[in-house]
Amino acid sequence: MDDTFLQDEGPNFDRVTLEIKHESNEFLNSQNLKDKKNSIDSTSKGASAIKVVSIPYTRIDCHTFFSSRNEVVERALADCQRDLLSCSEEDELIGTWLLTEISLWDTEKERLILLTKTVLYSVKYDLISLKILEYDRVCLSEVDTLIAGELIYPATSLLPSRNMFGMRLMWNKGQPLSMDKKWNPFAKNIPWCTFTSHPLYFHTGPDSNKTKYDVRALHSALSDLLSEHCHKLENPIIIENYIGIGSLMHNRIGLGFFKIRGKISF
């Protein structure tokens with residue numbers, strides 16, 4: 001056998017192994033960089049990917065709501081437009097909704113919302129006797145903060161999670177609420193309002209007009225209307241309720257909504 005043939009240099013497997021390791025390390029490093037970038041992006045998006053359950057109201061019968069009856073909400077909104085809006089405001093009407101307003105003391109209340117280019121009306125309307133009971137008028141020019149996000153309780157709260165998306169309008173100029181209002185359940189003129197979707201939004205069929213019950217639709221309209229000087233945030237909205245057995249019972253029974261309750265309705 002030819003000795004020269006035996007001495008010929010064969011394939012260098014050590015070199016190939018080193019090259020494969022080098023390429024593998026480069027691939028892993030690039031993947032780590034991508035993972036870090038994706039983690040940062042997902043964190044920066046924050047509330048845009050809020051995890052909320054699809055049906056937070058699971059123990060209700062939507063047929064007990066007077067607002068579920070044909071044309072009741074439409075008639076109520078027409079009454080509010082006629083009695084509350086001036087001619088100029090009526091011409092500037094952007095949209096109308098039936099939503100849930102959450103009070104300072106975490107009680108849910110059924111409210112009709114009328115939004116114009118300059119004003120937002122939140123109306124307590126008696127859907128049984130068909131009349132306006134009271135209303136709040138918010139000038140959009142005074143609003144300094146718009147927050148959208150998941151409704152949450154403080155970490156030390158004993159209440160179960162709401163798992164709901166909400167929206168808060170604020171015109172307090174960054175000032176805390178005074179003590180005489182914060183601890184007074186009958187206080188008026190609170191410099192913010194908090195809304196979430198009406199229970200019917202989660203229990204009406206796909207063929208119905210669900211937009212009028214959807215708080216996201218109101219938030220979208222407000223985002224376009226409010227000036228650039230207004231702070232538009234996507235953060236969790238903290239509801240300061242730590243024990244709140246009274247509000248828990250109020251909301252569980254639905255006392256803030258006009259419903260059929262056995263042989264009586266209120």
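Just so you know, we're using the UniProt record's numbering here: the sequence shown kicks off at 1 and counts up by one.
Every residue gets a Cβ at the ideal spot worked out from N, C-alpha and C, and that includes glycine.
Nothing here was measured: the structure is a model prediction, and the numbers come from that model.
Other residues of its chain near residue i: CB distance less than 8 Å, five sequence neighbours each side excluded
i    : result
S161 : I152 and Y153
C230 : V143, D144, T145 and L146
N184 : none
D83  : I132
I253 : none
Y242 : Y153, P154, T156, S157, L158 and L159
S141 : T118 and S227
E89  : T116, T118 and V119
C62  : S68, P199, L200, H203 and T204
I40  : In this prediction, I40 has a pLDDT of 37, which is less than 50 and means its spatial position is unreliable; what the coordinates show is noted afterwards. Nothing meets the Cβ criterion.
A217 : G95, W97 and T211
S129 : none
CB of residue i within 9 Å of CB of residue j, strictly
i    : j    : result
T96  : K109 : no
L255 : T107 : yes
N209 : P191 : no
L114 : L133 : no
T204 : S68  : yes
F66  : F258 : yes
L169 : C193 : yes
S157 : G244 : yes
I120 : L200 : The residue you asked about is not Ile; residue 120 is Leu in the sequence shown. No.
R111 : K131 : no
H250 : L98  : no
K182 : N189 : no
I237 : T64  : no
C80  : Y135 : yes
In DSSP terms, what residue i is bridged to
i   : result
F65 : K259
Own chain, CB closer than 6 Å to residue i, minus 5 neighbours either side, in chain order
i    : result
T196 : T100, M164, G166 and V215
I148 : Reading the sequence as shown, one finds Ala at residue 148 and not Ile. Once the five neighbours on either side are set aside, the close Cβ partners of A148 are M167, H219 and E234.
T93  : According to the sequence provided, residue 93 is Leu. The question's Thr does not apply to it. Taken in chain order, the residues that qualify are T116.
I60  : P199
S178 : none
A187 : K181
Contact set for residue i: own chain, Cβ-Cβ below 7 Å, skip 5 residues either direction
i           : result
L248        : L159
L127        : F66, S67, V72, A76 and F258
R137        : V119 and Y121
S103        : K109
G174        : none
E240        : P154
W105        : P185 and S247
residue 267 : Absent from the model: residue 267. The displayed extent of the chain is 1 to 266, so no value can be given.
N25         : Because N25 carries a pLDDT of 49, less than 50, the predicted location of this residue cannot be relied on, and the following value inherits that uncertainty. Hits under 7 Å: none found.
### Query
For the segment 201–244, which segments carrying the beta strand (DSSP E) assignment without a break, of at least 3 residues, lie completely within its bounds, in sequence order?
231–234
### Query
Which whole runs of the alpha helix (DSSP H) in the UniProt domain "HSac2" (67–226) are 4 residues long or more, in chain order?
72–84, 87–91, 179–182 and 215–225
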